[in-house]
Amino acid sequence: MKSFILLIWKLADPIYYACTRLRRTENSLFRVRLTRYKGRPIVLSDGCEIAKNDLLLKIHIHNVRIFRDLRHVKNDLKKTRLLYREVERSLPSLAAYVQSHRKQDEIKGIIGITMINRGYKRLGFEGSGISNRFYTWIKRMIFVPIYLVFAPSPSLRQLKKQKPNYLFMSKDTLIEKYVDEPSREQKIPSVLI
């Protein structure tokens, strides 16, 4: 069944990619697009305030690639560690993408939606529940095939416990945490050095 879902996903992925205006980021697991935030206002731990219609970079993990890379890993813990490392390895490319974007001054931060409920804080993300029940239900339905493919032994009971959440990271936190020092120095005008 997992192979069948993965095959359908591989066939549908290029269509999904084209319809959602996603863009690839270099050397990264992420595909991204600009979006206007529609949720309730939120203040992140670094003081960044995100309100309705603020410009955010929405991140999507390239699920087909993850499934392909991890399908032979049977151990849940090992699979989770590998996914964590791949996300962590991709964040510097995401920071560079934001820094070089023509709308970088308007972008407040990044946003993603996940059913993962642990480990994201160490990466610099902050979680928040989704207040719209209909949107939560839609996202839950979208995550069902992901769960069925990714979980080594999926169960209905475990699936019911999963709940989609927003993940946020301010642009300042992203750049401070994931841009290396030489790149940061290049961004400072030479008159200030």
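Taken in order, the sequence shown gives residues 302 to 494; the numbers are from the numbering used here.
Here a beta-carbon is modelled for each residue, glycine too, at the ideal position from N, C-alpha and C.
By alpha-carbon positions, which one of the options ends up nearest to residue i?
{"i": "K422", "options": "C320, T474 and H363", "result": "T474"}
{"i": "R386", "options": "I343, S329, L457 and G413", "result": "S329"}
{"i": "P393", "options": "D406, L383, L424 and T415", "result": "L424"}
{"i": "N466", "options": "F444, R458, F451 and L449", "result": "F444"}
{"i": "F480", "options": "I309, S391, N376 and L323", "result": "A small fix is needed here, since residue 480 is Val in this sequence, not Phe. Checked all of I309, S391, N376 and L323; the closest Cα to V480 is S391."}
{"i": "K464", "options": "R332, K472, T326 and Y448", "result": "Y448"}
{"i": "L335", "options": "R322, S346 and K375", "result": "R322"}
{"i": "V374", "options": "F451, D347, A352 and S456", "result": "F451"}
{"i": "R332", "options": "N364, D347, I309 and L312", "result": "N364"}
Which of helix, strand or coil does DSSP assign to residue i?
{"i": "R441", "result": "helix"}
{"i": "E327", "result": "coil"}
{"i": "F469", "result": "strand"}
{"i": "K359", "result": "strand"}
{"i": "I494", "result": "For I494, the predicted model reports a pLDDT of 32, less than 50, meaning its position is unreliable and no value from the coordinates is stated."}
{"i": "L345", "result": "coil"}
{"i": "T321", "result": "coil"}
{"i": "R434", "result": "helix"}
{"i": "R419", "result": "coil"}
{"i": "E477", "result": "helix"}
Could you spell out where the beta strand (DSSP E) holding residue i opens and where it closes?
{"i": "K409", "result": "I408 to T415"}
Do you know how far the Cα of residue j is from the Cα of residue i?
{"i": "K359", "j": "I476", "result": "16 Å"}
{"i": "T437", "j": "L468", "result": "14 Å"}
{"i": "I362", "j": "N418", "result": "16 Å"}
{"i": "L383", "j": "K478", "result": "20 Å"}
{"i": "L395", "j": "R403", "result": "14 Å"}
{"i": "F426", "j": "F305", "result": "33 Å"}
{"i": "A397", "j": "I316", "result": "27 Å"}
{"i": "Q400", "j": "K379", "result": "33 Å"}
{"i": "D406", "j": "K472", "result": "10 Å"}
{"i": "K353", "j": "L345", "result": "14 Å"}
{"i": "K339", "j": "F435", "result": "14 Å"}
{"i": "C320", "j": "P446", "result": "19 Å"}
{"i": "G420", "j": "C349", "result": "21 Å"}
{"i": "D377", "j": "R324", "result": "30 Å"}
{"i": "R337", "j": "L457", "result": "34 Å"}
{"i": "P342", "j": "I439", "result": "21 Å"}
{"i": "K461", "j": "I414", "result": "17 Å"}
For the alpha helix (DSSP H) containing residue i, name the first residue and the last one.
{"i": "S429", "result": "From DSSP, S429 is part of no alpha helix (DSSP H) but of the beta strand (DSSP E) over E427 to G430."}
{"i": "Y385", "result": "D377 to S401"}
{"i": "Q459", "result": "L457 to K462"}
{"i": "N364", "result": "N364 to L371"}
Tell me whether residue i, by its Cβ, gets closer than 7 Å to a heavy atom of the ligand HEM.
{"i": "Q463", "result": "In terms of ligand content, the structure shown is empty, and the ligand HEM therefore cannot be addressed."}
message: Counting beta carbon pairs with one atom in the stretch 414-431 and one in the stretch 369-376, are three or more of them shorter than 8 Å?
response: no
query: Okay, do the stretch 342-361 and the stretch 407-415 touch, 3+ Cβ pairs below 8 Å being the bar?
result: yes
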